[in-house]
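Here is the structure we will look at, set down as structure tokens.
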Amino acid sequence: MGHLDHAAFGWLTPALSYVMACIGAALGLSCTVRALDSTGRSRRNWLITAASAIGSGIWTMHFIAMLGFGVSGTDIRYDVPLTLLSLLGAMVVVGGGVFAVGYGRDRTRALLLGGLATGLGVASMHYLGMAALRLHGTIHYDPLRVALSVAIAVAAATAALWAALNIKSSRAVAPASLVMGAAVSSMHYTGMFAVSVRVAPSGEGLPGATTMQFIFPLAVGLGSYLFLTSAFVALSPTAGERAAYAFAERAEAPADTDPAAAPQGFTGRGAAFRSRRGGGLAAPETSPATAPVTRP
Numbered sequence: 254m255g256h257l258d259h260a261a262f263g264w265l266t267p268a269l270s271y272v273m274a275c276i277g278a279a280l281g282l283s284c285t286v287r288a289l290d291s292t293g294r295s296r297r298n299w300l301i302t303a304a305s306a307i308g309s310g311i312w313t314m315h316f317i318a319m320l321g322f323g324v325s326g327t328d329i330r331y332d333v334p335l336t337l338l339s340l341l342g343a344m345v346v347v348g349g350g351v352f353a354v355g356y357g358r359d360r361t362r363a364l365l366l367g368g369l370a371t372g373l374g375v376a377s378m379h380y381l382g383m384a385a386l387r388l389h390g391t392i393h394y395d396p397l398r399v400a401l402s403v404a405i406a407v408a409a410a411t412a413a414l415w416a417a418l419n420i421k422s423s424r425a426v427a428p429a430s431l432v433m434g435a436a437v438s439s440m441h442y443t444g445m446f447a448v449s450v451r452v453a454p455s456g457e458g459l460p461g462a463t464t465m466q467f468i469f470p471l472a473v474g475l476g477s478y479l480f481l482t483s484a485f486v487a488l489s490p491t492a493g494e495r496a497a498y499a500f501a502e503r504a505e506a507p508a509d510t511d512p513a514a515a516p517q518g519f520t521g522r523g524a525a526f527r528s529r530r531g532g533g534l535a536a537p538e539t540s541p542a543t544a545p546v547t548r549p
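According to our numbering, the stretch in the sequence shown is residues 254 to 549, in order.
See below:
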């Protein structure tokens, strides 16, 4: 058996991977909240952004954590096509989960289906990423720990989507994302502790790319995407903010038009608005010059 090291760089990779998981969760939750306040094409676009954010976040978290993974007695390489498939698969499956929540009429059923789909997306990304591992030896898994890691992923995803359905304030996204980031990280390391490797020393070269050749640049690129998208979401007004802006603009608009510029008998928007509120027609206003003179 080869000795497995899950933190070759100390706490750097676990801490950085947790930060990326939290960023992806916060961005995905924020986009899901925006989607639930939108309709039509806007809702669809927000849900697509949420799926890509969560998928990118968990993928980046996984492979940053894998930068600290090593096995004594063998080098490690990664199969490039399978690694990319793990990223795309995570986005697609997570997308199914968030769309189920975004368009589901029965909230309880949508939450359960969405949590299951999103959790399986997280787990599938992890184990597809592990399937892309190339080393001199064979990898074995403890079935109980694998099942536990999948259960953690589903529970974390369900809790995150529940938060998205019930969050009414953007401030509540932060604690929810911290919890989801911790759950995703726990799922990752539970899955990694299920791994054992039987090393078979060999002088042959391993196919695939090293973490620094492929994984690290891609993780940095996705991390930059998450940061830029986070800035875009932060600068985009929510539905409540847009309504407040519109109300403020109506409140600041002039109540009446200039009487000198208005046609005779026209009383402006203010009077028309008052007449509509009163349920009847507004009586024309008269000026002293045009008022009828009564004689005794």
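Yeah, the Cβ is synthetic: ideal placement off N, Cα and C, and Gly gets one too.
Each of HIS315, GLY348 and VAL347 was checked against the Cα of THR336, and the nearest Cα belongs to HIS315.
Here the segment 389-406 does not lie against the segment 346-355, with fewer than 3 beta-carbon pairs under 8 Å apart. In the structure shown, the three-state DSSP call for HIS393 is strand. Counting along the chain, the unbroken beta strand (DSSP E) around ARG330 starts and ends at 329-331.
Closest by C-alpha distance to PHE322, out of HIS393, GLU505, THR464 and VAL375, is THR464. Remark: C-beta atoms of LEU280 and THR411 do not approach each other more closely than 8 Å. Distance between ILE405 and VAL437, taken at the CA atoms: about 8 Å. Contact between HIS389 and ALA453 holds, since their C-beta atoms are separated by about 6 Å, short of 8 Å. By the C-beta criterion, the segment 351-371 is judged not to be in contact with the segment 426-434, since fewer than 3 inter-stretch pairs fall below 8 Å.
By alpha-carbon distance to LEU265, the top candidate from ALA318, ALA435, ARG362 and HIS441 is ALA318. Here the C-alpha atom of LEU475 lies approximately 7 Å from the C-alpha atom of THR313. Counting C-beta pairs closer than 8 Å gives three or more between the segment 291-311 and the segment 271-279, which meets the contact rule. Straight across, the Cα-Cα distance linking ALA385 with ASP332 is about 5 Å. In the DSSP assignment, ARG358 falls outside any beta strand (DSSP E), carrying neither H nor E. When the five nearest sequence neighbours on each side are left out, the beta carbons in the same chain lying within less than 7 Å of the beta carbon of PHE446 are those of ARG398, in order along the chain.
Assignment of GLY461 by DSSP, reduced to helix, strand and coil, places it in the coil class. Looking only at LEU289, ALA409, SER477 and SER377, the smallest Cα-Cα distance to LEU418 is reached by LEU289.
As summarised for the segment 288-344, the continuous alpha helix (DSSP H) elements at least 4 residues long and confined to that stretch are 293-319, given in chain order. In the DSSP assignment, the residues bridged to LEU257 are VAL324. Per DSSP, the continuous beta strand (DSSP E) segment holding SER449 begins and ends at 448-452. Taking all protein chains in view, the Cβ of ARG330 is crowded by 16 or more other Cβ atoms within 10 Å, so the residue is classified as buried. For TYR478, the CB contacts under 7 Å within the same chain, skipping 5 residues up- and downstream, are SER309 in chain order. The C-alpha of VAL407 lies about 26 Å from the C-alpha of VAL486.
Take GLY374, set aside five residues on each side of it, and the residues of its chain with a beta-carbon closer than 6 Å to its own are ALA343, VAL346 and VAL347, in chain order.
The C-alpha of LEU257 is placed about 38 Å away from the C-alpha of CYS284. Secondary structure note for ARG424: it is in no beta strand (DSSP E), with a DSSP letter that is neither H nor E.
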